[in-house]
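Notes follow the structure.
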């Protein structure tokens with residue numbers, strides 16, 4: 001057991017910091033963090049584009065991918081340093097649906113043609129993906145999905161409705177779970193297909209979530225024709241691929257580094273918020289609660305390190321990754337709530353965008369992004385398998401109950 | 001000991017219940033909110049006709065002489081309907097200040113108009129630096145001829161956009177956070193030097209940042225005694241705290257009941273999710289939180305009606321602590337158990353969650369009222 005960084009690690013850390021300072025400087029970071037626009041799609045502002053291009057040029061866009069597809073040869077410590085530093089600077093990330101979720105499925109089970117076609121575009125963020133999993137009747141019970149794909153010659157004809165599809169309104173493509181066979185077990189007979197969002201028969205309807213945010217959608221598929229070569233892996237084996245992918249999703253959702261940034265911000269806001277002639281940070285009650293969160297987060301951070309170390313020794317994260325998802329979302333939500341609390345009355349204003357554009361924010365510039373993040377963040381304990389489902393996974397797969 | 005309502009109180013409750021049920025469904029509310037003012041003048045007229053705007057005022061002032069229990073009854077029902085009309089701002093906050101501190105002329109000029117629905121008001125008490133401390137007043141009122149000139153910044157003034165008049169706390173003497181030396185003033189909404197920046201709040205209300213730049217008022221604008229405004233403010237805010245707490249209790253009731261209903265309808269893994277024990281227990285917890293909050297609500301209302309003093313203050317703070325904790329839990333769990341649906345704008349649940357969250361930081365959060373409870 002050893003937590004110390006070697007000289008080589010420190011040199012690497014310095015290199016990363018310099019790269020970030022060049023391509024994602026402080027002023028750009030602050031402008032984005034205080035923006036009241038809630039970005040679900042990314043990669044489109046000139047600053048973000050520049051960052052992503054620089055990542056690709058340097059070969060750092062997708063550190064976790066296999067090297068032949070543009071991954072790095074970093075050891076686990078270097079990957080950890082990269083994650084920490086980029087999170088601390090709130091660097092934009094590649095769209096998770098493509099780079100973190102679909103890509104591992106493609107480079108593990110995809111055909112060579114699929115890999116050649118899609119992986120470079122995902123790496124360069126030139127193709128945006130969405131995830132067609134949940135349905136009106138299939139939420140926590142994902143395997144209960146009813147969207148059907150019937151083979152006709154060289155095509156599948158897909159019919160059904162997907163719900164809560166994040167970013168479908170900006171996506172070029174969707175990876176989608178469809179039922180290809182009504183098997184005895186509902187997990188069997190599911191296939192994993194890739195669908196071009198421009199295919200006739202696809203309708204994307206916005207679903208506005210709290211705060212009027214447009215992030216998720218309903219996607220109707222009516223006689224959508226998908227070439228058979230867009231099937232990933234074997235027909236009827238899609239559940240296996242999807243499950244593997246969900247463990248990756250869970251690890252990402254933990255958001256330890258993001259929470260560390262938010263917690264530091266909360267402290268700063270408390271130090272700037274007046275109270276009794278001093279600041280809110282002088283209030284022992286408030287300070288105690290923030291400190292409790294800090295300890296919770298540190299415990300989670302080390303738990304995450306242990307999971308990562310396990311992954312580094314080969315293999316995907318195990319069912320323990322559910323701990324990260326449960327605690328990570330609980331802590332993230334608690335930090336967001338405490339930040340709203342820190343604003344006091346100034347947590348309330350929710351002006352329209354045009355008013356902010358014309359006259360500036362009301363109260364602290366972090367209020368709007370924090371509020372939108374808090375509202376959106378309530379979904380984090382629901383999506384990717386609700387926290388109740390995660391506890392079922394732990395009790396079954398870890399405790400053997 | 002008796003927790004039952006009198007006949008008049010039951011009638012009041014019934015009339016509100018009927019309105020919420022028949023005239024204030026979720027779609028109606030949404031349309032009302034989308035309007036320019038963010039609430040309906042028609043509804044306000046109806047509130048006046050039904051006598052609700054007269055509830056807390058003395059009979060000699062044209063009111064019906066209701067106390068804290070009557071206010072509680074009104075606000076609990078308004079909370080169930082998530083009503084956005086500025087009842088709290090006009091009747092309880094601005095009206096409350098007039099009720100406790102107004103002289104005959106002031107009451108004559110304003111209370112009748114509030115009761116008949118022709119005037120709306122707002123209480124401008126919070127400031128950017130004040131957080132929840134009522135005595136933290138930096139706005140100044142300096143002698144100017146026979147009257148005063150007011151300057152300062154009042155923060156998040158609920159009901160500000162529709163206010164025909166404001167009750168403003170300003171410092172006439174003393175240090176920045178002294179309880180002594182705060183004076184309340186009646187200020188016309190269109191007074192020269194008063195400007196407002198209006199905006200919607202996240203939970204569906206409207207508020208303003210109010211800036212006072214040498215606003216001139218006469219000596220007759222002083223509400224109560226010069227320098228004695230703090231005691232009035234404290235009593236008004238305590239009543240308002242009971243009011244938003246009762247609103248939260250009403251909201252919690254809808255949240256837990258709707259969640260129970262939803263859990264019977266929503267099928268996953270071949271059965272209604274309400275059959276899962278972990279969710280059953282969660283809903284039992286929601287129910288218990290609601291009941292505990294309701295108990296503290298009754299206590300606070302009864303104590304306030306017994307007379308305003310240390311015992312009442314303590315009961316109000318105890319209630320607000322309970323509401324802060326219970327409201328958050330019930331709101332968050334209602335969203336969680338509704339899954340994605342609870343996150344949408346189109347379902348009521350998320351809107352209750354937002355209001356419950358904001359009520360926690362209105363008139364003092366849990367930390368603030370725990371401290372006050374311990375200190376009283």
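Protein chains in written order, with this note's numbering: chain Y, 1 to 401; chain G, 1 to 376. Ideal Cβ positions, reconstructed from N, Cα and C, are used throughout, including at glycine.
Against chain Y, the beta carbon of residue 137 (chain G) has no neighbour under 7 Å; the closest one sits roughly 12 Å away. Per DSSP, reduced to three states, the secondary structure at residue 74 (chain Y) is coil, with no helix or strand assignment. Linking residue 147 (chain G) to residue 215 (chain G) through their CA atoms gives a straight-line distance of about 10 Å. By the Cβ rule, the segment 52-64 of chain G does not count as touching the segment 183-196 of chain G, because fewer than three pairs are nearer than 8 Å. The beta-carbon separation of residue 246 (chain Y) and residue 343 (chain G), rounded to 20 Å, does not stay under the 8 Å limit for a contact. CA-CA distance, residue 313 (chain Y) to residue 213 (chain Y), rounds to 41 Å.
The beta carbon of residue 226 (chain G) sits closer than 6 Å to those of 172 and 183, all from its chain and outside the five residues before and after it, given in chain order. Contact with chain G is found for residue 378 (chain Y), since one of that chain's Cβ atoms lies less than 7 Å from the residue's Cβ. When the five nearest sequence neighbours on each side are left out, the beta carbons in the same chain lying within less than 6 Å of the beta carbon of residue 43 (chain G) are those of 85, in order along the chain.
Not flagged as an interface residue toward chain G: residue 133 (chain Y), since no C-beta distance is shorter than 7 Å. Under DSSP, residue 155 (chain Y) forms a beta bridge with Y:152 and Y:227.
Contact between the segment 205-215 of chain G and the segment 157-164 of chain G is established, with three or more Cβ pairs separated by less than 8 Å. Annotated three-state conformation of residue 199 (chain G) is strand, per DSSP. With respect to chain Y, the C-beta atom of residue 365 (chain G) has a partner C-beta closer than 7 Å. Inter-segment contact for the segment 104-116 of chain Y and the segment 88-95 of chain Y is absent: fewer than three beta-carbon pairs are separated by less than 8 Å. Taking C-beta separations shorter than 7 Å and ignoring five residues to either side along the sequence, the partners of residue 182 (chain Y) in its chain run 189, following chain order.
According to the DSSP assignment, residue 143 (chain G) belongs to no alpha helix (DSSP H) but to the beta strand (DSSP E) extending over 140-144. DSSP places residue 362 (chain G) in the coil class of the three-state scheme, outside both helix and strand.
Secondary structure at residue 319 (chain Y): coil, using DSSP grouped into helix, strand and coil. Residue-level contact check: residue 209 (chain Y) touches chain G, since one or more beta carbons of chain G fall below 7 Å from its beta carbon.
Spanning the alpha carbons of residue 230 (chain Y) and residue 391 (chain Y) requires a straight line of approximately 34 Å. Beta bridge pairing from DSSP links residue 176 (chain Y) with Y:132 and Y:193. Residues of chain G whose Cβ lies closer than 7 Å to the Cβ of residue 269 (chain Y) do not exist, since the nearest Cβ in that chain is about 13 Å away. Rounded to the nearest angstrom, the Cβ distance from residue 370 (chain Y) to residue 336 (chain Y) is 7 Å, consistent with a contact under 8 Å. DSSP links residue 166 (chain G) through a beta bridge to G:122 and G:187. Look at residue 338 (chain G) here: in three-state DSSP terms it is helix. Within 10 angstroms of the beta-carbon of residue 75 (chain Y) lie fewer than 16 other beta-carbons, which makes it exposed. No Cβ of chain Y is located within less than 7 Å of the beta carbon of residue 26 (chain G). What residue 38 (chain G) touches in chain Y, judged by beta-carbon distance under 8 Å, is nothing: the nearest beta carbon there is about 12 Å away. What residue 156 (chain G) touches in chain Y, judged by beta-carbon distance under 7 Å, is 345, 346, 348 and 349, going in chain order.
Close partners of residue 132 (chain G) in chain Y (Cβ separation under 8 Å): 344. Identification of chain G residues near residue 286 (chain Y) by a Cβ-Cβ cut-off of 7 Å yields 367, ordered along the chain. Contact residues of the segment 258-279 of chain G toward chain Y are 266, 267, 268, 269, 270, 273, 276, 278 and 279 (C-beta to C-beta distance below 9 Å). Less than 7 Å divides the Cβ of residue 134 (chain Y) from the Cβ of residue 164 (chain Y). For residue 9 (chain Y), the uninterrupted alpha helix (DSSP H) segment begins and ends at 7-23. The Cβ atoms of residue 203 (chain G) and residue 31 (chain G) lie no closer than 7 Å to each other.
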